[in-house]
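Right, one structure below, let's go through it.
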Amino acid sequence: MAVALKLLKQLRPPQTTSTILHRNLSPRLSSIRSVTRVFSDAPLLNEPLPASPPLNPHSPSPSSLNQYELAKFASIAETWWDSEGPFKPLHLLNSTRLAFIRSTLCRHFGRDPLSPRPFEGLKFIDVGCGGGIVSEPLARMGATVTGVDAVEKNIMIARVHADLDPVTSRIEYQYTTAEKLVEEQKNFDAVFALEVIEHVADPAEFCKSLSALTVTGGATVISTINRSMRAYATAIFAAEYILQWLPKGTHQWSSFLTPEELALILERASISVQEMAGFEYNPLSGRWSLSDDVSVNFIAYGTKTITSNL
Ligand SMILES: C[S@@+](CC[C@H](N)C(=O)[O-])C[C@H]1O[C@@H](n2cnc3c(N)ncnc32)[C@H](O)[C@@H]1O
């Protein structure tokens, strides 16, 4: 506890994050063009580094890969579908994330949000799909889904689980990365990277790859955690050390992006952020809901503005 309190004291003052739920963000961007990411004052967690995954001659090697992060996910891959396991927070968050996706993308693609399969005929990719807890519902909503992950074990687990249902068995899972797919000139109507960007080596390059995978006029959806004091207190200190929802060391505070930083790097990658929402946890009901408070967990939806020459 004393160590944790010391870490909390090292934190700089909280970011000022305004309420930007369902608001056009373009005017905000002009005031944040000089935002840079500052790591030097971030708290450090003295967690032992997990062993790197064994080198695989076929393994992807692009710039977004952070081997330390991938080793953490590989070590708990078999727990993806255990709703009481290390991925419990994602399972709890899932229906709220999907509500945001359904509402924004139905508007984007002119689909009926009340339809059981509103995304019929659209090609989606779930980058960093893990065990497929987002890919599967997207497929049930009618989309033709590709799920990719940089951890081979995740893809194996996702494949086995998806094969349990004829609808999800059509998902195409691949052990690869966004960068590799860009090289292969693949593109999609909508690109998702949910809770992934905080685990990649180079968020700006990663966003460029997401953009290159998105067709012009298509949609990109990213969710992550804000680099705020509140996020340190709740998403790391409480979730990892007090409630032990997540293994200690799951998140590095310094790897989080503020909503303004995310909007800026997306804009530089030709993705114009249209809407953002926060996720709010109610400890009494144990449920998440969409909120205009983006100070901890948040999700952004943007549109690909011009053809990228990345
Ligand atoms: C916190 S999990 C999120 C999983 C899933 N998107 C979800 O929200 O349920 C992060 C996932 O991203 C994957 N990952 C991390 N870096 C990656 C990269 N550069 N390219 C592809 N996948 C990556 C990890 O292996 C892990 O499965």
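According to the numbering used here, the sequence shown holds residues 4 to 313 in order.
Glycine included, each C-beta is placed from N, C-alpha and C at the ideal position.
In three-state terms, what does DSSP make of residue i?
i, result
"Val297", "coil"
"Val163", "helix"
"Thr147", "strand"
"Lys307", "strand"
"Ala236", "helix"
"Ser118", "coil"
"Arg230", "coil"
"Ile136", "coil"
"Ser292", "strand"
Compare the Cα-Cα distances from residue i to each of the options and report the closest residue.
i, options, result
"Met279", "Ala242, Ser288 and Leu269", "Leu269"
"Gly150", "Glu182, Phe195, Asp166 and Ala222", "Phe195"
"Thr82", "Gly134, Glu186, Gly124 and Thr99", "Gly134"
"Gly220", "Gly145, Ser273 and Val130", "Ser273"
"Ser226", "Pro262, Arg233, Tyr235 and Glu87", "Pro262"
"Tyr176", "Cys210, Phe127, Ser214 and Thr217", "Phe127"
"Lys75", "Phe103, Leu287 and Gly252", "Gly252"
"Val185", "Leu197, Thr179 and Ser212", "Ser212"
"Ile136", "Ser292, Ser275, Ser98 and Gly113", "Ser98"
"Gly281", "Ala303, Ala266 and Ser288", "Ala303"
Which stretch, first to last residue, makes up the beta strand (DSSP E) that contains residue i?
i, result
"Lys126", "Lys126 to Val130"
"Ala280", "Ile274 to Asn285"
Can you say whether residue i is buried or exposed, counting buried as having 16 or more other CB atoms within 10 angstroms of its CB?
i, result
"Arg290", "exposed"
"Leu260", "buried"
"Pro119", "exposed"
"Ser258", "buried"
"Val131", "For clarity, residue 131 is Gly in the given sequence; the question names Val instead. Flag for Gly131 reads buried."
"Asp85", "exposed"
"Ser298", "buried"
"Leu117", "exposed"
"Asn285", "exposed"
"Val170", "exposed"
"Glu201", "buried"
"Gln255", "buried"
Can you give me the start and stop residues for the alpha helix (DSSP H) that residue i sits inside?
i, result
"Ala74", "Gln70 to Ser78"
"Phe314", "Here the chain comprises residues numbered 4 to 313, so residue 314 is not present and cannot be evaluated."
"Ile245", "It is not in any alpha helix (DSSP H) - Ile245 carries neither H nor E in the DSSP assignment."
"Glu263", "Pro262 to Arg271"
Say whether chain C places a C-beta atom closer than 8 Å to the C-beta of residue i.
i, result
"Arg233", "No chain C is part of this structure, which consists of one protein chain only."
Quick check: is any heavy atom of ligand 3 less than 7 Å from the C-beta of residue i?
i, result
"His111", "Ligand 3 is absent from the structure shown, which contains only ligand 1."
Which full runs of the alpha helix (DSSP H) of 4+ residues lie inside the region 172-223, going along the chain?
-> 181-186 and 206-216
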